[in-house]
Amino acid sequence: MTDDQFESLLRTRLPYLPADEPLRDDADLTQLGLDSMQAMELLFDIEEEAGITVPDSAMNAETFATPASLRAVVDQQAEKAA
Numbered sequence: 000m001t002d003d004q005f006e007s008l009l010r011t012r013l014p015y016l017p018a019d020e021p022l023r024d025d026a027d028l029t030q031l032g033l034d035s036m037q038a039m040e041l042l043f044d045i046e047e048e049a050g051i052t053v054p055d056s057a058m059n060a061e062t063f064a065t066p067a068s069l070r071a072v073v074d075q076q077a078e079k080a081a
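Numbering (numbering that gives the first Met the number 0), first residue to last: 0 to 81.
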């Protein structure tokens, strides 16, 4: 999954992030409007787009804290799937 694809999927679940504002790697996703329901929907979108499965053990607040933390989990699973 490219950085652009990842950001595009993430932005669809962040209602408090203006379209013209950059998405920083350290942004607090909950402050940008990501709630638990949206996090699950985002995860399903990412899994489908990237062709990966994120383990239950990674479904926690730390994973969904920032774009960087989520991307790290996605990249780790993509490496395992390759």
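From the three backbone atoms N, C-alpha and C, an ideal C-beta is built for every residue, glycine too. It should be emphasised that the depicted structure is a prediction, and the values quoted were computed from it without experimental measurement.
Here Pro17 carries a coil assignment [DSSP, helix/strand/coil]. No Cβ-Cβ contact shorter than 8 Å links Glu48 with Leu22. Taking each of Asp2, Gln4, Glu46 and Gln37 in turn and checking the Cα distance to Tyr15, the smallest one comes out for Gln37. Distance between Asp44 and Gln75, taken at the CA atoms: about 17 Å.
Per the C-alpha coordinates, the member of Asn59, Val72, Ala64 and Ala57 positioned closest to Gly32 is Ala64.
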